[in-house]
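Trainee: Just passing along the structure, written as structure tokens.
2 protein chains.
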Amino acid sequence: MGTKKGTLREPTIKDIPQLFNVLTPEEQKYLLTNHTTLRYRKNQIIYQEGERPTGLLCIGSGKVKIYKEGMMGRDQIVRMASGPGFIGYRALFAHETHIASAVVFEPCVIFHVARDVIMKLMKSNNDLCMNIIQSFATELGFARFRTVSLTQKHIRGRLAESLLVLRDIYGYEADGHTLGIYLSREDLANFSNMTASNAIRTLTTFVKEKALTVDGRIIRILDEQKLERISRLG
Amino acid sequence: MGTKKGTLREPTIKDIPQLFNVLTPEEQKYLLTNHTTLRYRKNQIIYQEGERPTGLLCIGSGKVKIYKEGMMGRDQIVRMASGPGFIGYRALFAHETHIASAVVFEPCVIFHVARDVIMKLMKSNNDLCMNIIQSFATELGFARFRTVSLTQKHIRGRLAESLLVLRDIYGYEADGHTLGIYLSREDLANFSNMTASNAIRTLTTFVKEKALTVDGRIIRILDEQKLERISRLG
DNA sequence: CTATAACTATGTTTTAAAACATACAAAGTT
DNA sequence: AACTTTGTATGTTTTAAAACATAGTTATAG
Numbered sequence: 001m002g003t004k005k006g007t008l009r010e011p012t013i014k015d016i017p018q019l020f021n022v023l024t025p026e027e028q029k030y031l032l033t034n035h036t037t038l039r040y041r042k043n044q045i046i047y048q049e050g051e052r053p054t055g056l057l058c059i060g061s062g063k064v065k066i067y068k069e070g071m072m073g074r075d076q077i078v079r080m081a082s083g084p085g086f087i088g089y090r091a092l093f094a095h096e097t098h099i100a101s102a103v104v105f106e107p108c109v110i111f112h113v114a115r116d117v118i119m120k121l122m123k124s125n126n127d128l129c130m131n132i133i134q135s136f137a138t139e140l141g142f143a144r145f146r147t148v149s150l151t152q153k154h155i156r157g158r159l160a161e162s163l164l165v166l167r168d169i170y171g172y173e174a175d176g177h178t179l180g181i182y183l184s185r186e187d188l189a190n191f192s193n194m195t196a197s198n199a200i201r202t203l204t205t206f207v208k209e210k211a212l213t214v215d216g217r218i219i220r221i222l223d224e225q226k227l228e229r230i231s232r233l234g
Numbered sequence: 001m002g003t004k005k006g007t008l009r010e011p012t013i014k015d016i017p018q019l020f021n022v023l024t025p026e027e028q029k030y031l032l033t034n035h036t037t038l039r040y041r042k043n044q045i046i047y048q049e050g051e052r053p054t055g056l057l058c059i060g061s062g063k064v065k066i067y068k069e070g071m072m073g074r075d076q077i078v079r080m081a082s083g084p085g086f087i088g089y090r091a092l093f094a095h096e097t098h099i100a101s102a103v104v105f106e107p108c109v110i111f112h113v114a115r116d117v118i119m120k121l122m123k124s125n126n127d128l129c130m131n132i133i134q135s136f137a138t139e140l141g142f143a144r145f146r147t148v149s150l151t152q153k154h155i156r157g158r159l160a161e162s163l164l165v166l167r168d169i170y171g172y173e174a175d176g177h178t179l180g181i182y183l184s185r186e187d188l189a190n191f192s193n194m195t196a197s198n199a200i201r202t203l204t205t206f207v208k209e210k211a212l213t214v215d216g217r218i219i220r221i222l223d224e225q226k227l228e229r230i231s232r233l234g
């Protein structure tokens, strides 16, 4: 659950099991000499809406925010990602431009596997295809689930659910209560389909109801059951 | 564009190009003897939320509504499908239960390819994998796009967009104006994230604005430009 | 062929959430 | 240190959409 892993040693592409572990020794060798390692710092843009993907991107470590620009400059965060996993692969495989932007939230090590290289590997290795299919299936399921929540739940329910989703993705810090991601109120709002004002207000009421405590961007969840109840009924 | 195709002759699994055309003659033979053809009539349930998928389903002909149950029995139509294409494959490849239900909207011929059969074909045929990946990529893109629309656009914009999406999927009848799908006001509402009352009301205003005419479930689009404008700005 | 249910239509009321308006605190710059 | 920017907090107003109410209309079943 912790987020320390990346601080111990820099990850390599071997740390992306859904990519590396299914390859034959031969293919592994090929991949090792045919990828690049990119390092990003906070707020750097990995790719932007409208750009053409050049290959498969794999998060080795770090945290990434993926968002779409909505009406009147109101962003919608469609996904918060962390390693190990793929980003930007939808556009790659749909042969389209990116429909969302990816920006670094916490320093990242990212591996870039050029289109031809990943295609060649996929041609020779079915398990890799199946893993990519699995990623798609999971992500599409999550997208469906969230669409219903974001369109039908009320503000309290949306925010409570978002906090629980963030817990599922990033877990807690060592104390077992502090959310492992430190979003601004605005990002939290953009992840929960509401305005920043309402995110702030609603967080405040959650604090009053003793479901959590807040200290700047540090959110400590005190009562998961209560949040789950709010998420379900709100 | 037309919807007549199915009435001329009953489709076979050969009419699912993304499945059949990429197979070797050998594999085609195997598939031909290892699938079942299912016929459904209006309102029949193909699968339901919570059920476990048993194989890949391909729409040969007909129209299918795929929806998720939301809060307080309010359904959300996540997709309107027609042949040739896959349905229910997300759950199959995610190894999960269905997260949405599929119900027949217009009489369907559907091909069922058992899990083991499709898996075997995918193991031996990469182009098939790539086609399935392509389906996922397209559908995920659509889901993302719709999430932003359904959460951020106002009622008029959502309804206008939904009508244009339905046009893209089902096209027009021979007259070049009549939408090729006849949804109830409630279905239209469930596809546009609004209540039936608001779908009715908003349709009425579109008629007054001469963007379309309505006769029961028959919708004739008169001014696509106007709808596009409403979709963009609303 | 009536009865019952499902669908469509429209007016009225209520409510949730956005928009707007300040204000204060923290962080970063010059 | 003074200044600017950015993020957080709260109160007030406005508005979009839901909820509610009622009624006509069309299907469908007994």
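First to last, the sequence lines map onto chains A and B.
Using UniProt numbering, the first residue of the first sequence is number 1, and each one after it goes up by one.
Using UniProt numbering, the first residue of the second sequence is number 1, and each one after it goes up by one.
In this text, a Cβ means the ideal position worked out from N, Cα and C, and glycines have one as well.
1) According to DSSP, R86 of chain B sits in a beta bridge with which residue or residues?
2) Exposed or buried, which one is E161 of chain B when buried takes at least 16 other CB atoms within 10 Å?
3) Kindly identify the DSSP beta-bridge partner or partners of M80 of chain A.
4) Using a Cβ-Cβ cut-off of less than 7 Å, list which residues of the segment 50-68 of chain A approach chain B; keep chain order.
5) Using a Cβ cut-off of 9 Å, pull out every chain B residue sitting near G85 of chain A, in sequence order please.
6) Using the three-state DSSP reduction, which class does I13 of chain B fall into: helix, strand or coil?
7) In the DSSP assignment, what residue or residues form a beta bridge with R39 of chain A?
8) Counting only Cβ-Cβ distances shorter than 8 Å, please list the residues of the segment 130-145 of chain A near chain B, keeping chain order.
9) Between F105 of chain A and G157 of chain A, what straight-line distance do the alpha-carbon atoms span, to the nearest angstrom?
10) Have a look at G216 of chain B and A189 of chain B and give me their C-alpha separation to the nearest angstrom.
11) Can you give me the C-alpha to C-alpha distance between L121 of chain B and F142 of chain B, rounded to a whole angstrom?
12) How long is the line joining the alpha carbons of C58 of chain A and Y30 of chain A, rounded to whole angstroms?
13) Please list the residues of the segment 91-108 of chain B that have a C-beta atom closer than 9 Å to any C-beta atom in chain A, keeping them in chain order.
14) What are the complete alpha helix (DSSP H) segments, minimum 4 residues, inside the segment 95-148 of chain A?
15) Determine, using beta carbons only, whether T148 of chain B and G70 of chain A come nearer to each other than 7 Å.
16) How many angstroms separate the CA atom of G2 of chain B from the CA atom of R9 of chain B?
17) Could you pull the start and end residues of the alpha helix (DSSP H) that residue 308 of chain A belongs to?
18) Quick check: the Cα distance between Y67 of chain B and M194 of chain A, rounded to an integer number of angstroms?
19) Is there a Cβ from chain A that is less than 7 Å from the Cβ of L150 of chain B?
20) Report back the beta-carbon spacing between I110 of chain A and L38 of chain A to the nearest angstrom; my notes put them in contact at under 8 Å.
21) By a C-beta neighbour count over all protein chains shown, 10 Å radius and 16 as the cutoff for buried, is M72 of chain A buried or exposed?
22) Is A102 of chain B closer than 7 Å to I46 of chain B when the C-beta atoms are compared?
23) Mark L92 of chain B as exposed unless 16 or more other C-beta atoms lie within 10 angstroms of its C-beta, in which case mark it buried.
24) Short of 8 Å in beta carbon distance, which residues of its chain neighbour G62 of chain A, apart from the five on each side in sequence? Order them along the chain.
25) Can you tell me whether I218 of chain B is buried or exposed, with buried defined as 16 or more other CB within 10 angstroms of its CB?
26) Relative to the alpha-carbon of D175 of chain B, which residue among B:R220, B:E224, B:I16, B:V117 has its alpha-carbon at the smallest distance?
27) Let me see if you follow: with CB-CB separation under 7 Å, is K123 of chain B close to chain A or not?
28) Starting from M71 of chain A, find everything on chain B with Cβ-Cβ shorter than 7 Å and list it in chain order.
29) Can you tell me where the beta strand (DSSP E) holding D215 of chain B begins and where it ends?
30) Run through the DSSP bridge pairs and tell me what D75 of chain B is partnered with.
31) Check whether the Cβ of N21 of chain A lies closer than 7 Å to any Cβ atom in chain B.
32) So is Q225 of chain B in contact with chain A if we call contact Cβ pairs under 7 Å?
33) Name, in chain order, the residues that DSSP records as bridge partners for R220 of chain A.
34) By Cβ distance below 8 Å, which residues in the same chain neighbour K42 of chain B in space, the five residues on each side in sequence not counted?
35) By the 10 Å Cβ neighbour count, where 16 or more other Cβ atoms means buried, how is T97 of chain B classified, buried or exposed?
36) Output, in chain order, the set of chain B residues within a Cβ distance shorter than 8 Å of N190 of chain A.
Mentor: Here's the rundown:
1) Within the second sequence, numbered from 1, the residue matching residue 86 of chain B stands at position 86. It is worth fixing the name first, because residue 86 of chain B is Phe in this sequence and not Arg. DSSP lists B:C58 as partners of F86 of chain B.
2) In the second sequence, residue 161 of chain B corresponds to position 161, counting from 1. When all chains shown are included, E161 of chain B counts as buried.
3) The count along the first sequence starts at 1 and reaches residue 80 of chain A at position 80. According to DSSP, which records beta bridges pairwise, M80 of chain A is partnered with A:K65.
4) K68
5) Translated into positions along the first sequence, residue 85 of chain A becomes position 85. Neighbours of G85 of chain A on chain B: none; closest Cβ ~15 Å, over 9 Å.
6) Numbered from its first residue, the second sequence carries residue 13 of chain B at position 13. Looking at I13 of chain B - three-state DSSP - the assignment turns out to be helix.
7) Here the question's residue 39 of chain A lines up with position 39 in the first sequence. According to DSSP, R39 of chain A bridges with A:V109.
8) M130, I132, I133, Q134, F136, A137, T138, E139, L140, G141, A143, R144, F145
9) Locating residue 105 of chain A in the first sequence gives position 105, where the first residue counts as 1. Locating residue 157 of chain A in the first sequence gives position 157, where the first residue counts as 1. In a straight line, the C-alpha of F105 of chain A is about 25 Å away from that of G157 of chain A.
10) Along the second sequence, read from residue 1 onward, the residue named residue 216 of chain B stands at position 216. Along the second sequence, read from residue 1 onward, the residue named residue 189 of chain B stands at position 189. Roughly 15 Å separates the two Cα atoms.
11) On the second sequence, position 121 is the one that residue 121 of chain B refers to. On the second sequence, position 142 is the one that residue 142 of chain B refers to. Using only the alpha carbons, I get a separation of about 27 Å.
12) Against the first sequence, residue 58 of chain A aligns to sequence position 58. Against the first sequence, residue 30 of chain A aligns to sequence position 30. Distance between the alpha carbons of C58 of chain A and Y30 of chain A: 17 Å.
13) A91, L92, F93, A94, H95, E96, I99, A100
14) 115-124
15) As a first step, residue 148 of chain B is located in the second sequence; it is residue number 148 there, counting from the start. As a first step, residue 70 of chain A is located in the first sequence; it is residue number 70 there, counting from the start. Sequence inspection shows Val at residue 148 of chain B; the Thr mentioned does not correspond to that position. Contact flag set, yes.
16) Position 2 of the second sequence, counted from the start, is the residue given in the question as residue 2 of chain B. Position 9 of the second sequence, counted from the start, is the residue given in the question as residue 9 of chain B. Low confidence applies here, because G2 of chain B scores a pLDDT of 40, under 50, leaving its location unreliable and the question unanswered by this model.
17) The shown model of chain A, from 1 to 234, leaves out residue 308 of chain A, and the question about it has no answer.
18) Looking up residue 67 of chain B in the second sequence gives position 67. Looking up residue 194 of chain A in the first sequence gives position 194. Going by the C-alpha atoms only, they are around 24 Å apart.
19) Here the question's residue 150 of chain B lines up with position 150 in the second sequence. Chain A contact via Cβ: present.
20) Stepping through the first sequence from its first residue, residue 110 of chain A is reached at position 110. Stepping through the first sequence from its first residue, residue 38 of chain A is reached at position 38. Contact holds; Cβ gap of about 5 Å.
21) The residue you call residue 72 of chain A lines up with position 72 of the first sequence. By the 10 Å Cβ count, M72 of chain A comes out exposed.
22) Walking along the second sequence from the start, residue 46 of chain B turns up at place 46. Walking along the second sequence from the start, residue 102 of chain B turns up at place 102. It is a contact, given that the beta carbons lie within the stated cut-off.
23) Within the second sequence, numbered from 1, the residue matching residue 92 of chain B stands at position 92. Buried.
24) Against the first sequence, residue 62 of chain A aligns to sequence position 62. Excluding residues within five positions, the ones whose Cβ falls inside 8 Å are G6, Y40, S82, G83, V104, F105, E106, P107, C108, V109, I110.
25) Walking along the second sequence from the start, residue 218 of chain B turns up at place 218. With fewer than 16 other Cβ atoms within 10 Å, it is exposed.
26) Sequence index remark: in the second sequence, residue 175 of chain B carries index 175 (1-based). For D175 of chain B, the nearest C-alpha among the options comes from B:R220.
27) In the second sequence, residue 123 of chain B corresponds to position 123, counting from 1. Answer yes: the Cβ-Cβ gap between K123 of chain B and chain A drops below 7 Å somewhere.
28) Stepping through the first sequence from its first residue, residue 71 of chain A is reached at position 71. By Cβ distance, chain B contributes Q152, K153.
29) Start at 1 with the first residue of the second sequence, and residue 215 of chain B comes out as number 215. Taken as a continuous stretch (DSSP letters only), the beta strand (DSSP E) holding D215 of chain B covers 212-215.
30) Working through the second sequence from its first residue, we reach residue 75 of chain B at position 75. Answer by DSSP bridge pairing, in chain order: B:E69.
31) The sequence position of residue 21 of chain A within the first sequence is 21, counting from 1. So no, N21 of chain A is outside the interface.
32) Numbered from its first residue, the second sequence carries residue 225 of chain B at position 225. Closer than 7 Å: no.
33) Reading the first sequence from its first residue, position 220 is the one you call residue 220 of chain A. In the DSSP output, where bridge partners are listed per residue, R220 of chain A has A:T178, A:T213.
34) On the second sequence, position 42 is the one that residue 42 of chain B refers to. For K42 of chain B, where only same-chain residues beyond five positions count, the Cβ hits under 8 Å are V104, F105, E106, P107.
35) As a working mapping, residue 97 of chain B is identified with position 97 in the second sequence. Exposed, by the Cβ-count rule.
36) Taking the first residue of the first sequence as 1, we reach residue 190 of chain A at position 190. Those within 8 Å of N190 of chain A in chain B number zero; the least Cβ separation is about 11 Å.
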